[in-house]
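If you number the sequence shown the way our numbering does, the last residue is 707 and the count never jumps.
Think of the CB as a built atom: it goes at the ideal place given N, C-alpha and C, for glycine as much as any other residue.
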Amino acid sequence: MVYHQNLLKFFFSMDDHLYRIRKAETVNHVRKWCLLLCLFSIIIYGWMASLGIGSDFISSTRTGLSMQEYESSKLDFVIGRCVYAVLLTAVILFLSALLFYAVFDIPFWRLLIMQQAVLFIMLLERIVWVPLMLIWGLDWYVSPLSFGIIASYLTGNNWIIFFFGAISIVQLWIIWFQVKYLRFMSSYGKGRVWLMVILLHLFYWIVAATVASVDNHLLRGWFG
484 MVYHQNLLKF
494 FFSMDDHLYR
504 IRKAETVNHV
514 RKWCLLLCLF
524 SIIIYGWMAS
534 LGIGSDFISS
544 TRTGLSMQEY
554 ESSKLDFVIG
564 RCVYAVLLTA
574 VILFLSALLF
584 YAVFDIPFWR
594 LLIMQQAVLF
604 IMLLERIVWV
614 PLMLIWGLDW
624 YVSPLSFGII
634 ASYLTGNNWI
644 IFFFGAISIV
654 QLWIIWFQVK
664 YLRFMSSYGK
674 GRVWLMVILL
684 HLFYWIVAAT
694 VASVDNHLLR
704 GWFG
């Protein structure tokens, strides 16, 4: 059986697609969707960079730069965000799929399809966050979609705020989706699947909070 992948239709009849993916021996259009998602990521992060989101460190040094140097630094920032978008795509699609491949007895291409859906939802979350930043100036860790805004009312510890800021409603949906997908594709028990998925995300959140505590501007490439 051949599975003809269509990421947009996947979310409207998920159970049906999961069944067909599990039964399929080969799949079409996986590479095409990898390239499309990479292009989508580049467009989104390049667009955000052109709007100046995350570039306040450039503005803070503007007085010491000539106009030409300032414009050049803005162009470098946009290019850097586009390069980052490519790296983000590689990490979410391939590195995460490899980590799951090392734990679960599931063909790599099936895990790649799962991560394509994850990346697509993450990019949609970025788009939703843009007006929140432009209109209300809400940074990634105090977005109403995340738990960071609650943490900021309970503590002044930046690491804790960054940690909970990395946890959003979308991230929780992604965890649920990955558990559902992995259980459907493997014979592993519910407890083990939940444990492995949560541990992986917990690791990502800890790394995000730690890096943000050291250099918030660096992390803006990931969240903003």
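Alpha-carbon to alpha-carbon, residue j and residue i
{"i": "tryptophan 619", "j": "arginine 609", "result": "15 Å"}
{"i": "phenylalanine 630", "j": "valine 513", "result": "34 Å"}
{"i": "arginine 593", "j": "alanine 692", "result": "30 Å"}
{"i": "isoleucine 746", "j": "histidine 487", "result": "With the chain running from 484 to 707 in the structure shown, residue 746 is simply not present."}
{"i": "isoleucine 527", "j": "valine 561", "result": "11 Å"}
{"i": "isoleucine 633", "j": "leucine 683", "result": "23 Å"}
{"i": "phenylalanine 495", "j": "isoleucine 536", "result": "32 Å"}
{"i": "threonine 638", "j": "isoleucine 658", "result": "26 Å"}
{"i": "leucine 617", "j": "cysteine 521", "result": "24 Å"}
{"i": "tryptophan 677", "j": "glutamine 654", "result": "14 Å"}
{"i": "phenylalanine 591", "j": "tryptophan 530", "result": "32 Å"}
{"i": "phenylalanine 587", "j": "cysteine 517", "result": "22 Å"}
{"i": "arginine 666", "j": "methionine 484", "result": "21 Å"}
{"i": "phenylalanine 603", "j": "leucine 519", "result": "10 Å"}
{"i": "glycine 707", "j": "methionine 605", "result": "Low per-residue confidence applies at glycine 707: pLDDT is 48, beneath 50, and the placement is therefore not dependable enough to give any value."}
{"i": "valine 613", "j": "aspartate 498", "result": "32 Å"}
{"i": "lysine 492", "j": "valine 566", "result": "29 Å"}
{"i": "tryptophan 705", "j": "leucine 582", "result": "Legend: pLDDT at tryptophan 705 = 46, less than 50; position of this residue unreliable, no value from coordinates given."}
{"i": "leucine 534", "j": "tyrosine 687", "result": "27 Å"}
{"i": "leucine 685", "j": "asparagine 511", "result": "33 Å"}
{"i": "valine 694", "j": "asparagine 640", "result": "14 Å"}
{"i": "valine 611", "j": "methionine 668", "result": "31 Å"}
{"i": "leucine 607", "j": "lysine 515", "result": "19 Å"}
{"i": "leucine 615", "j": "valine 569", "result": "24 Å"}
C-beta neighbour in chain C for residue i, strict 7 Å
{"i": "isoleucine 657", "result": "The chain inventory of the structure shown lacks chain C, comprising one protein chain alone."}
Supposed contact pair residue j and residue i - C-beta distance, whole angstroms, cut 8 Å
{"i": "tyrosine 664", "j": "leucine 501", "result": "7 Å"}
{"i": "alanine 532", "j": "arginine 564", "result": "4 Å"}
{"i": "serine 524", "j": "leucine 571", "result": "6 Å"}
{"i": "leucine 628", "j": "isoleucine 589", "result": "With 8 Å as the limit, leucine 628 and isoleucine 589 do not qualify as a contact, their Cβ atoms being about 30 Å apart."}
{"i": "valine 680", "j": "glutamine 661", "result": "5 Å"}
{"i": "tryptophan 642", "j": "serine 696", "result": "5 Å"}
{"i": "alanine 580", "j": "leucine 558", "result": "The pair is not a contact, with the Cβ atoms about 33 Å apart (cut-off 8 Å)."}
Per DSSP, cross-strand counterpart(s) of residue i
{"i": "histidine 487", "result": "Asn511"}
{"i": "serine 651", "result": "Ser629"}
Exercise. Is there contact between the region 597–607 and the region 576–588, where contact requires at least three CB pairs shorter than 8 Å?
Worked result: yes
Exercise. Is it true that the region 550–569 meets the region 502–512, where meeting means three or more beta-carbon pairs spaced less than 8 Å apart?
Worked result: no
For this session: Could you pull out every unbroken beta strand (DSSP E) segment of at least 3 residues lying fully inside the region 558–637, listed in chain order?
Result: none
For this session: Check whether the region 640–652 touches the region 667–674, taking contact to mean three or more Cβ pairs, one atom from each stretch, closer than 8 Å.
Result: no
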